[in-house]
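Under the numbering used here, the letters of the sequence shown match residues 2 to 248, in that order.
No residue lacks a Cβ here, since even glycine has one placed at the ideal position from N, Cα and C.
The structure under discussion appears below in the form of C-alpha cells.
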Amino acid sequence: MSASPSATTAETAEAGRTIVAKIGTSSITDAAGAVDRACIEKFCSEVAELRSRGNRAVVVTSGAIAAGLPELGMGGDRRPASMATLQAVATVGQSALMGMYREMFARLGVVAGQVLLVPLDFVIRTQYVHASSTLRKLLDLGVVPIVNENDAVADDEIRWGDNDRLAALVANLVHADLLVLLTDTAGVLTEDPRRNSSASLIEEIVEFDHHLERRAGGAGTQRGSGGMASKLTAARVASLSGVPTVI
C-alpha cells in the first residue's frame, strides 16, 4: 500500500474495528527532507474517514527529527551526527510535529492526543498495563492517539530501532483488529526495486520467510530508519498477537 498523497488508508478496513496506522518519515517529507504539511493533511483526512465509518484509529508517526532540523537551522549537510544532538532535535521536532497533527485533525473535528513510549513500557508489566489502559481510554473518549517513541530518553529508535516495530507493539497494546504500515512503494515486492526494477508485488503472505526479509532490503531512505525488511518483521510481530497487517 502506498503512503503518497493519493493513498487510501480508509479503504483498508471494514467498519467497527480498531486500526493502528503507522506513517514513516519518508512518507511525510518532501525531496529536501522537510515535513510536507500536505501529506500530513491527506493522511489525517483518511484517518478521519476511517473514524466516520465507525472505526477507532491509533496513529504511529515518525518524523520528529525531520520536523526539528529546520527549527534549529539544521538539515542537509548540516545534519548532526551526535546522538545527544539528534535527541535534542527530536525533542524540538516532536512538539512541532504534534502541533501539525493537532491542527490538521482539529480542522476535521477530531481531537488528537500525544502518547510517547519507550521500550520499557513493553517490558515492565505495570508500565505496559498503564500504557494499554491510557490508549484504550483515549479511544473510548473518541480521541486519536498520536504515538511516537520518546527520543529524549530512548536512543535505540534513532540508532537502530524503527517505528514499524513500535506500531506492531502498539497494535498489541490496544488489541487492534488491523495494523496498516504505510510505505512509499507499491507494497511488499519480491526484491528491492532499487536493485531489481522487475521486482513484482506479493499480494499476500501467509508464512514468514527469513529469505524474503533479506531480499526486501534495508532502510528505505536516508531520512527513515525503517525499510521493507523492518515492515515484514513488524508484520510478523503483529501476527504473534493475532493482528493482520496491510503494507
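Query, Result
"Just mark MET101 as buried or exposed, buried being the case when its beta carbon has 16 or more other beta carbons within 10 Å.", "buried"
"So the candidates are ALA113, ALA97 and SER96; which of them puts its Cα closest to the Cα of GLU103?", "Checking the displayed sequence, the identity of residue 103 turns out to be Arg instead of Glu. Comparing Cα positions, the closest option is ALA113."
"Please classify ALA173 as buried or exposed, where buried requires at least 16 other C-beta atoms within 10 Å of its C-beta.", "In the sequence under discussion, the amino acid at residue 173 is Asn, which differs from the Ala named in the question. The residue in question, ASN173, is buried, as its Cβ has 16 or more Cβ neighbours within 10 Å."
"Which residue marks the beginning of the alpha helix (DSSP H) containing GLU47, and which one marks its end?", "38-53"
"Can you tell me the Cα-Cα spacing of ILE248 and GLY228, whole angstroms?", "11 Å"
"May I ask you to report which of helix, strand or coil DSSP gives SER226?", "Bear in mind that a pLDDT of 47 at SER226, under 50, signals an unreliable position, so the number given afterwards is only what the model happens to contain. SER226 falls in the coil class under three-state DSSP."
"Can at least three beta-carbon pairs, one atom from the region 81-92 and one from the region 141-157, be found at a separation below 8 Å?", "yes"
"Work out the CA separation of ARG137 and SER63 for me, nearest whole Å.", "21 Å"
"Please check the pair GLY69 and GLY94, which I expect to be a contact at CB under 8 Å, by giving their CB distance rounded to whole angstroms.", "3 Å"
"So if DSSP puts GLY114 in a beta bridge, which residue, or which two residues, is it bridged to?", "PRO146"
"Here's the rule: buried if 16 or more other CB atoms are within 10 angstroms of the residue's CB, otherwise exposed. What is MET84?", "exposed"
"Against chain B, with Cβ distances strictly below 8 Å, would VAL116 count as a contact?", "Reference to chain B is not applicable here, since this structure consists of a single protein chain."
"Taking the Cβ atom as the reference point for each residue, do SER27 and ASP163 lie within a distance shorter than 8 Å?", "no"
"Hey, out of LEU121, PRO146 and ASP31, whose CA is closest to ARG57's CA?", "PRO146"
"Compute the beta-carbon to beta-carbon distance between VAL124 and ILE20, rounded to the nearest angstrom, for a pair I have assumed lies under 8 Å.", "Contact doesn't hold; Cβ gap of about 25 Å is too wide."
"I think VAL59 touches VAL238, with their Cβ atoms under 8 Å apart; what is that distance to the nearest whole Å?", "Not really, about 16 Å apart at Cβ, beyond 8 Å."
"Can the beta-carbon of VAL171 be found closer than 8 Å to that of VAL61?", "yes"
"With distances taken between CB atoms, is the gap from GLU150 to LEU167 smaller than 8 Å?", "yes"
"Within this structure, are the beta carbons of ALA23 and ASP122 separated by less than 8 Å?", "Here residue 23 is Lys; the residue named in the question, Ala, does not match the sequence. No."
"Here's the rule I'm using: 16 or more other beta-carbon atoms within 10 Å means buried, otherwise exposed. How should SER231 be labelled?", "buried"
"Sorted by chain position, which residues of the same chain lie with C-beta nearer than 7 Å to MET99's C-beta, five sequence neighbours on each side aside?", "GLN115 and ILE147"
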